[in-house]
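Engineer:
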Amino acid sequence: MNKVSLFILLYVFAIFTSSNSASESDMILDINGKILRTHTTYFLVPVNHKYGGISLETTGNEKWQLGVIQEIYNLHGGSMALFPLNPKKGVIRVSTDLNIAILFIAKSFAKIFEFI
């Protein structure tokens, strides 16, 4: 009976020590292979390169009711900053809870860049 108890104890110990649940999740990389950092501004690039980034526009009858939309061209909007709910670590990992701040250029100002 003593050998069976010892075997079960070693089996349970082996299961808990080899568990991947305690390890940290993978870091997210940008298109250049660099680690995504918090409090850094990034520009959204669509996968199919047909459309632009994201921006804010009025979506309803209310003047100040804004919604997130996808722009037609990359020149209008698309910049965003990532702020995790737990700001202690400066790296963004898989399944990190984030607040996303959309930083956009006014369309009248963005038209200047079309001529450059």
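Numbering (mature numbering (1 follows the signal peptide of the UniProt record, and there is no 0)), first residue to last: -21 to -1, 1 to 95.
For every residue, glycine included, the Cβ atom is placed at its ideal position computed from N, Cα and C.
Keep in mind that this is a model prediction, so the values were computed, not measured.
In or out: H55 buried (at least 16 other Cβ within 10 Å) or exposed?
Structural biologist: Residue confidence for H55 is low, a pLDDT of 49 falling below 50, so the modelled location carries little weight and cannot support an answer.
Engineer: If you count every other CB in all the chains shown that lies within 10 Å of the CB of A1, and 16 or more means buried, which is it?
Structural biologist: Any reading at A1 needs caution, since the residue's pLDDT is 44, under 50, leaving its predicted position unreliable; the model's value is listed next. Under this definition A1 is an exposed residue.
Engineer: Between S74, V70 and D76, which lies nearest to H18 when the distance is taken from Cα to Cα?
Structural biologist: Nearest option by C-alpha distance: V70.
Engineer: Using DSSP's beta-bridge definition, name the partner residues of L8.
Structural biologist: L8 pairs with I14.
Engineer: First and last residue of the alpha helix (DSSP H) that includes S(-17)?
Structural biologist: Counting along the chain, the alpha helix (DSSP H) containing S(-17) begins and ends at N(-20) to T(-5).
Engineer: Between the beta-carbon of M6 and the beta-carbon of I14, is there less than 7 angstroms?
Structural biologist: Yes, Cβ-Cβ distance for M6 and I14 is below 7 angstroms.
Engineer: Distance check for L77 and Y21, CA to CA, integer angstroms please.
Structural biologist: For Y21 and L77, the distance between alpha carbons rounds to 14 angstroms.
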